[in-house]
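Here's the structure we're looking at; comments come further down.
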Amino acid sequence: MKRIILLILAMGLILTPLMAAAESRTYTEMVTVKVEDDEYSALNKAKERAREQALQHYLNDVYKDRAATLNLTGDDRYIQDLEVVESKVSGWASKELQAKIRVTINEEEVRAYLKRQGAVTGKNEERRIFVILIPGKMDSGDAPVILDNVRAEIRKNLTAAEYTVIDSEEQVKRLESLTEEADYGKLVGQLEGLGEWVVVGKVDIDVTQDGSMRSYHALMTGKTVSITSRDLMWEGNIDGLARVRASESPKAALRMAAINGGKSFAGEVLNALNTKTLTQERRGSRFEVVFPSGGDYKLERKILKLLKEDIKGLKNVSQKNRGKGDMTVDLYYVGKISDLVDLLLDNFEKDAQLKRFNPEIDGNKVVFKK
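As numbered in our numbering, residues 137 to 506 make up the sequence shown, in order.
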């Protein structure tokens, strides 16, 4: 019996932090229902409607492109918490109950449901994106909390758009600390082959007061870079604003500013990726390929002919130089640089002279050596 009790206690200790780690999003719903029997029944009906409204708002926010095809009821398992903030009954002959209800969504349960239904919920290993946030001016002393809220909002929105987000300290701890924009080029080099894009954002906090109102700003500057092509996908500034009465809690206002800033930041990143990535996929990414031709004109002609005629997926193949040294070729390829190397090796296997070349990936360049 003692062993069973100890086992239950141990499982409780393990499960508690896991349950606490569940992600959540809160909505405040205004609901009006008719009082047909009694006020208690009407309030229960208002709670049910608030659950359904909150779930629909959540789907529209997080799964916007698929919200019309998803149908979730107000099942309690999708709701982490529900609180009736206020309610009142009005009318004489026909009474109505008006309620303000705060609903917190259990995002883990929603994602589990969508996964069971076969819906994609962001676990796409081919769309890996690094998100690195740098703390700027934060005099309030709440920098860790602010960054956590910004990071969580960016993660939610990018994951909902089917990107695999890499943003934990464990996953990016091997990267050097970033303090200046000049470090971005070095960062992209460190991430070569580990993902498709990197997002770097700097977060500053500013507080201003106008009479009885106080404005909290989560000011974000950032950019998104393609790791493979080094193309700048997006660069901009975001102001996450939360305006509250001066008497209200500054912590709650800072959290709201961080959430607003993270959501807007993620929206700008997604808009750029969804437009520029499509264009990039159509034209391909630019790569530089170096061959040890040693000025052998016949060998150079053979390589160019092979690239231009026999290998599908290559576009705009052009030779950059001629002479006694190595031959450099510029080309566009629709895919990752590692796939390009595999494709070239497969085609070089057909030729006794070319199959002796061994490739090395150097940033955005493929260097073949004998």
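Backbone N, C-alpha and C define an ideal beta-carbon position, used for all residues, glycine too.
Quick caveat: nothing in here was measured; it's all calculated off a predicted structure.
Top-ranked residue by Cα proximity to residue i, from the options
i      : options                           : result
Tyr163 : Ser177, Arg187 and Ala354         : Arg187
Thr364 : Glu328, Asp462 and Tyr469         : Glu328
Ile270 : Leu409, Val339 and Leu490         : Val339
Asn494 : Lys501, Leu481, His193 and Asp487 : Leu481
Ala488 : Ile497, Gly499 and Lys506         : Lys506
Glu371 : Arg350, Asn396, Gly403 and Ser348 : Gly403
Where the beta strand (DSSP E) containing residue i begins and where it ends
i      : result
Glu298 : Per DSSP, Glu298 belongs to no beta strand (DSSP E) and is neither H nor E.
Glu496 : Asn494 to Asp498
Asp346 : Trp333 to Asp346
Lys441 : Element bounds for Lys441: not the beta strand (DSSP E) but the alpha helix (DSSP H), Tyr433 to Lys441.
Ser421 : Ser421 to Phe427
Ile270 : Arg264 to Pro271
Ala542 : For the chain, the structure presents residues 137 to 506; residue 542 sits outside this window and is missing.
Asn452 : Leu450 to Gln455
Lys444 : Premise fails: Lys444 is in no beta strand (DSSP E) and is neither H nor E.
Lys506 : Looking at the DSSP string, Lys506 is not in any beta strand (DSSP E), and its letter there is neither H nor E.
Nearest-angstrom Cα separation, counted from residue j out to residue i
i      : j      : result
Thr424 : Lys501 : Rather than Thr, the amino acid found at residue 424 in this sequence is Glu. Taking the straight line joining both Cα atoms gives about 5 Å.
Ile241 : Leu443 : 54 Å
Glu332 : Gly471 : 11 Å
Asp478 : Ile439 : 16 Å
Phe401 : Met356 : 8 Å
Arg247 : Ser226 : 39 Å
Ala408 : Gly430 : 42 Å
Ile215 : Ala389 : 24 Å
Phe504 : Asp498 : 11 Å
Asp212 : Ile302 : 31 Å
Ser230 : Asp173 : 11 Å
Arg437 : Asp475 : 24 Å
Ile290 : Gly337 : 11 Å
Ala386 : Tyr469 : Before going further, note that residue 386 is Pro rather than Ala in the sequence given. Taking the straight line from one Cα to the other gives about 51 Å.
Glu316 : Gly358 : Only weak support exists for where Glu316 lies, its pLDDT of 47 falling under 50; the coordinates are left without a value.
Whole-angstrom C-beta distance between residue j and residue i, which should lie under 8 Å
i      : j      : result
Asp462 : Phe484 : With a Cβ gap of about 16 Å, Asp462 and Phe484 do not count as contacting.
Asp367 : His353 : About 30 Å; that fails the 8 Å criterion.
Asn452 : Leu467 : 6 Å
Val335 : Val405 : 6 Å
Ala182 : Ile237 : 7 Å
Gln345 : Ala382 : 6 Å
Glu232 : Val286 : With a Cβ gap of about 40 Å, Glu232 and Val286 do not count as contacting.
Gln189 : Glu165 : 5 Å
Coil, strand or helix - residue i by DSSP
i      : result
Arg381 : strand
Arg213 : helix
Ser507 : With the chain represented from 137 up to 506, any question about residue 507 goes unanswered, as that position is not in the structure.
Ser365 : coil
Asn410 : helix
Asp487 : coil
Val169 : strand
Asn396 : helix
Leu218 : strand
Ala354 : strand
Ile374 : strand
Delimiting residues of the alpha helix (DSSP H) encompassing residue i
i      : result
Leu467 : Unbroken run through Leu467 is the beta strand (DSSP E), Met463 to Tyr469; no alpha helix (DSSP H).
Asp197 : Glu175 to Val198
Residue i: CB within 8 Å of a non-hydrogen atom of the ligand SAM
i      : result
Val169 : Absence of the ligand SAM from the depicted structure is noted, as is the absence of any ligand whatsoever, leaving it without description.
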